[in-house]
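Accompanying notes for the structure given below.
Numbering (our numbering), first residue to last: 4 to 263.
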């Protein structure tokens with residue numbers, strides 16, 4: 004992982020990411036490069052006091068990140084960071100509005116996020132119930148099936164006061180087809196893993212969607228082959244489908260943020 008410094012200038016829409024540029028590079032070239040960098044919006048959800056803001060603040064000191072656009076912090080409750088993962092740069096816009104200020108429905112409709120991070124505190128049963136209600140809504144709206152959702156049990160350093168077991172968190176995440184991780188923003192436990200994992204999940208979803216679109220095109224082609232009633236063509240079609248299914252089959256774990 005490599006992070007380089009950048010300068011941010013000029014007014015920016017709350018929906019735009021920060022532009023990263025090096026010194027001595029022409030403005031037109033910089034703008035062109037910035038346009039090619041994928042921008043992903045991530046909404047943090049959860050009850051008040053679970054540590055959402057603390058997690059985002061820790062993201063800003065991660066070894067995996069670039070400098071971030073501080074101009075958005077106060078007015079819009081957003082922080083934009085640039086990350087270089089697996090040789091590819093991406094900008095992540097973390098949206099952290101207080102739970103009482105913006106409803107879940109408004110957050111989804113306003114920002115159309117690429118991912119949601121649902122946070123609860125392992126020492127608060129009430130916050131766990133709020134997280135469950137939010138996940139139920141995301142499930143009902145088919146968001147968990149279409150986009151990336153990570154359930155985060157925060158404050159894992161307060162083990163003696165724990166009221167939510169790790170198994171409870173994993174079961175909740177699994178039941179709603181989400182990923183799960185326990186973190187501690189206080190001692191920076193698994194914070195970097197969460198940051199990288201969110202980006203990884205977004206990219207994996209994009210790759211899956213592209214594959215499904217290609218599969219749809221191949222299915223149309225196979226339908227034409229079937230219409231020709233050519234045995235050789237049909238056998239070839241079955242072979243292609245079988246290979247695609249084998250390639251798609253992979254071990255799944257709700258705690259492994261590097262696989263779907």
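Yeah, the Cβ is synthetic: ideal placement off N, Cα and C, and Gly gets one too.
In the DSSP assignment, residue 91 falls within the unbroken beta strand (DSSP E) covering 91 to 98.
For residue 103, same chain residues with a beta-carbon under 8 Å away, outside a window of 5 residues either side, are 51 in chain order. Around residue 190, the same chain offers 160 as residues with beta carbons nearer than 6 Å, after the five sequence neighbours per side are excluded.
Looking at the backbone, the Cα of residue 42 and that of residue 118 are separated by about 12 Å.
C-alpha of residue 48 to C-alpha of residue 127: approximately 15 Å in a straight line. Residue 211 is classed as exposed because its beta carbon has fewer than 16 other beta carbons within 10 Å across all chains shown. DSSP, read as helix, strand or coil, puts residue 82 in strand. Beyond the five residues adjoining it in sequence on each side, residue 100 comes within less than 6 Å, by CB distance, of 80 in the same chain, given in chain order.
Per DSSP, the unbroken beta strand (DSSP E) holding residue 42 starts and ends at 42 to 49. Taking a cut-off of 8 Å on C-beta distances, the stretch 127 to 141 touches the stretch 164 to 179, as three or more cross pairs fall below it. Judged by their CB atoms, residue 184 and residue 170 are not nearer to each other than the 8 Å cut-off. The beta-bridge partner set that DSSP reports for residue 123 consists of 156.
Residue pairing from DSSP places residue 182 in a beta bridge opposite 153. For residue 137, the enclosing alpha helix (DSSP H) stretches over residues 128 to 143. Between residue 167 and residue 123, the C-beta gap is smaller than 8 Å, which places the two residues in contact. In the three-state scheme derived from DSSP, where H, G and I count as helix and E and B as strand, residue 112 is classed as helix. In chain order, 173, 176, 177, 182 and 183 place their CB closer than 6 Å to the CB of residue 257, counting only its own chain and leaving out the 5 sequence neighbours on each side. Each of 214, 261 and 205 was checked against the Cα of residue 93, and the nearest Cα belongs to 205. The beta carbon of residue 46 is closer than 7 Å to those of 98, 110, 114, 116 and 119 in its chain, skipping five residues each way along the sequence.
Taking all protein chains shown into account, residue 215 has fewer than 16 neighbouring C-beta atoms within 10 Å of its C-beta and is therefore exposed.
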